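Colleague:
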Amino acid sequence: MSPAVAVLRKDLRLELRTLETVPAMALFSVTAFVIFHFALNRASVDGQLAGGLLTVTLLFAAMLGINRLFVAEREQGGFDAFLLAPVDRNALLLAKAAALFVFLTTLELIAVPAFALLLLKPSIWPPLLGLIAILALANVAFAVVGTLVSALAIHTRARDLIAPIIGLPLLVPVLIGAARGAGPLLQAHASGTPAGKWLAILALYDVVFALLAYAVFDFLLEE
Amino acid sequence: MQPPTYARGLRGLSIATIATITLAFGLTFFYAPLDADQGFIQKIFYLHVPLAIVSLCGFVLGGVFAIAHLRTDDRRYDMRSYVAIHMALIFSVGALITGSIWAKASWGHWWVWNEPTLVSFLIVVLMFATYQPLRFSIEDHERQARYASVFAIVAGAFVPLNFIAVRLAQGLVHPRVLTLTGGHLPGSMRLTFLVSLAGVALLYATLWKYELTAKDARMQLRSLRRTVLSDAAVTPLGRSAAPS
Numbered sequence: 029m030s031p032a033v034a035v036l037r038k039d040l041r042l043e044l045r046t047l048e049t050v051p052a053m054a055l056f057s058v059t060a061f062v063i064f065h066f067a068l069n070r071a072s073v074d075g076q077l078a079g080g081l082l083t084v085t086l087l088f089a090a091m092l093g094i095n096r097l098f099v100a101e102r103e104q105g106g107f108d109a110f111l112l113a114p115v116d117r118n119a120l121l122l123a124k125a126a127a128l129f130v131f132l133t134t135l136e137l138i139a140v141p142a143f144a145l146l147l148l149k150p151s152i153w154p155p156l157l158g159l160i161a162i163l164a165l166a167n168v169a170f171a172v173v174g175t176l177v178s179a180l181a182i183h184t185r186a187r188d189l190i191a192p193i194i195g196l197p198l199l200v201p202v203l204i205g206a207a208r209g210a211g212p213l214l215q216a217h218a219s220g221t222p223a224g225k226w227l228a229i230l231a232l233y234d235v236v237f238a239l240l241a242y243a244v245f246d247f248l249l250e251e
Numbered sequence: 010m011q012p013p014t015y016a017r018g019l020r021g022l023s024i025a026t027i028a029t030i031t032l033a034f035g036l037t038f039f040y041a042p043l044d045a046d047q048g049f050i051q052k053i054f055y056l057h058v059p060l061a062i063v064s065l066c067g068f069v070l071g072g073v074f075a076i077a078h079l080r081t082d083d084r085r086y087d088m089r090s091y092v093a094i095h096m097a098l099i100f101s102v103g104a105l106i107t108g109s110i111w112a113k114a115s116w117g118h119w120w121v122w123n124e125p126t127l128v129s130f131l132i133v134v135l136m137f138a139t140y141q142p143l144r145f146s147i148e149d150h151e152r153q154a155r156y157a158s159v160f161a162i163v164a165g166a167f168v169p170l171n172f173i174a175v176r177l178a179q180g181l182v183h184p185r186v187l188t189l190t191g192g193h194l195p196g197s198m199r200l201t202f203l204v205s206l207a208g209v210a211l212l213y214a215t216l217w218k219y220e221l222t223a224k225d226a227r228m229q230l231r232s233l234r235r236t237v238l239s240d241a242a243v244t245p246l247g248r249s250a251a252p253s
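In order, the protein sequence lines correspond to chains S and G.
For the first sequence, counting from 1, position 199 maps to 227 in the working numbering; every step adds exactly one.
For the second sequence, counting from 1, position 140 maps to 149 in the working numbering; every step adds exactly one.
Spelled out as structure tokens, the structure:
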């Protein structure tokens, strides 16, 4: 078993047993929908408002997961153990990003139906495939950038503050791509296929930051 | 290892900066023609655009020094990267303020959201504004330098990507004066613009060198006091995000 798979299995098993991160993220999302309902004073939303509302909620929920990502490693000496093991350090990046991706996908399995039920005016079924494509690409970006930011923030004094203030501006292009891509899909009688340029922006962002994270992650682990 | 003498050439550079900036202002006010459309307010262009370009280049420069720092593990590159980003941040605030004034005068609003260059610039400034808090909250100097470099590289690469994304998201309102062909600027305006750009770039380089020289001199003074007098003679540094 490769080290990345081992760390990923560890993270998923830990999450299954403690149920710490994903339920909190899901609860946060549903609460956010309720908050948006009252703040906007609308029974249902559609179009760009719906796209923005969904992606912003997912982005903030992702920040919760990003904040928690390395907490177990820091508190229980996992970093030292990993550094002692004779494995490639980027295995940790890969495993953590994959874990975050799984968390986010699980979150969306709960949050998107909840959103469709509580707030969305048009039916969720016609745009579903396009929405899945956009959210999958956005999840990759959240996962990669989130892992990087989380590793950057975990050793700082104000880590709960540092992760969002660095992560949010860094994820603005992802939000632009996801929200603007999802907006037209969530209109009544939409075509159901997302515009290619938003998918291209998300994919470009994914590739650039995956390469960048691969290049610099090493330096965040040295002791 | 001989400590770097950042002060070398500083006087010549300062004189060149003053001369170029004086020339740029002279050209701006007495040589460049009034804009037929916008009138006198358009002259802020000769300050605003160079400030914005130089600060963006400064951010990327900070990323380049950060790469050099991570590759060589030489702390002087961390200092250079820090000062480059610090100065670029100050210049970018200047660019935001002059841009706001120009927007108010020519579009009637202090802030225009459907203007991609303005918005992406703001996002970049928000991004780099977290550089100092990040440094500030890491106590271990070696780790602080390393993490700050990682941040500078990631944020430096983020600059062009962010500009692409925001530009796609909005229509084009900004005057496109920065095309490679020089846009549609008449020759006299272009000359003035290029001299202003050179002046602001020289100003950036001069201030960068001055800050490095000052920080370097302070560090040497502290280590001298420590060896000649005693540890007690060195007042503890105040809280600072700067490398030391």
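Virtual Cβ for every residue (Gly too), placed ideally from N, Cα, C.
Remember, predicted model here, so these are calculated numbers, not experimental data.
1. Let me make sure I understand the geometry here. Which of S:Asn118, S:Leu163, S:Leu81 and S:Ala113 has the alpha-carbon closest to that of Leu148 (chain S)?
2. Check whether the Cβ atoms of Ala104 (chain G) and Val200 (chain S) sit closer than 9 Å, and answer yes or no.
3. Using a Cβ-Cβ cut-off of 8 Å (strictly less than) and excluding sequence neighbours within five positions of Ala112 (chain G), which residues of its own chain qualify?
4. Spatial neighbours of Phe74 (chain G) within its chain, please: C-beta separation below 7 Å, excluding the five flanking residues on both sides.
5. Using beta carbons (cut-off 9 Å, strictly below), is Met136 (chain G) in contact with chain S?
6. Does the segment 129-148 of chain S come close enough to the segment 40-52 of chain S that 3 or more CB-CB pairs lie under 8 Å?
7. What's the gap between the Cα of Ala243 (chain S) and the Cα of Arg80 (chain G)?
8. Can you give me the Cβ contacts of Ser158 (chain G) inside the same chain, cut-off strictly under 7 Å, excluding the 5 residues immediately before and after it?
9. Is it buried or exposed, Thr29 (chain G), if we count other Cβ atoms within 10 angstroms and call 16 or more buried?
10. Express the C-alpha separation of Gly224 (chain S) and Ala166 (chain S) in angstroms, rounding to a whole number.
11. Should Asp188 (chain S) be labelled buried (16 or more other beta-carbon atoms within 10 Å of its own) or exposed?
12. If you draw a straight line from the C-alpha of Leu232 (chain S) to the C-alpha of Phe167 (chain G), how long is it?
13. Measuring CA to CA, which of G:Ala16, G:Ser197 and G:Trp217 is closest to Leu5 (chain G)?
14. Rounded to a whole number of angstroms, what is the C-alpha to C-alpha distance between Asn171 (chain G) and Ala154 (chain G)?
15. Fully enclosed by the segment 89-145 of chain G, which alpha helix (DSSP H) runs are 4 residues long or longer?
16. Are there 16 or more other CB atoms within 10 angstroms of the CB of His150 (chain G), so buried, or fewer, so exposed?
17. Go ahead and pull the three-state DSSP assignment for Leu203 (chain S).
18. Check the Cβ-Cβ distances between Leu187 (chain G) and every residue of chain S, and say whether any is below 9 Å.
19. Determine the contact status of Gly169 (chain S) and Thr83 (chain S), defining contact as a CB-CB distance below 9 Å.
20. Which residues mark the beginning and the end of the alpha helix (DSSP H) in which Tyr219 (chain G) is found?
21. Starting from Ser178 (chain S), trace the alpha helix (DSSP H) in both directions and tell me its first and last residue.
22. Using beta-carbon positions only, say whether Gly93 (chain S) and Ala207 (chain S) come within less than 9 Å of one another.
23. What are the uninterrupted segments assigned as alpha helix (DSSP H) that are 4 or more residues long and contained completely in the segment 103-132 of chain S, given in chain order?
24. Rounded to the nearest angstrom, what separates Phe110 (chain S) and Ala34 (chain S) at their Cα positions?
25. Mapping DSSP to helix, strand and coil, what is Val73 (chain S)?
Modeller: Considering the structure as presented:
1. S:Leu81
2. no
3. His118, Trp119, Trp120, Val121, Glu124 and Leu127
4. Tyr86, Arg89, Ser90 and Ala93
5. yes
6. yes
7. 11 Å
8. Ala75, His78, Leu79, Asp87 and Ser90
9. buried
10. 14 Å
11. exposed
12. 12 Å
13. Given a span of 10 to 253 for chain G in the structure shown, any question on residue 5 (chain G) remains unanswerable.
14. 25 Å
15. 125-137 and 140-145
16. exposed
17. helix
18. Confidence at Leu187 (chain G) is low in this model, with a pLDDT of 48, below 50, so the placement of that residue should be treated as unreliable; the coordinate-derived value is given next. No, Leu187 (chain G) lies away from the interface with chain S (no Cβ there is under 9 Å from its Cβ).
19. Reading off the sequence shown, one finds Ala at residue 169 (chain S), where the question assumed Gly. Going by C-beta atoms, Ala169 (chain S) is not nearer than 9 Å to Thr83 (chain S).
20. Gly196 to Val237
21. Leu156 to Ala181
22. no
23. 106-112
24. 11 Å
25. strand
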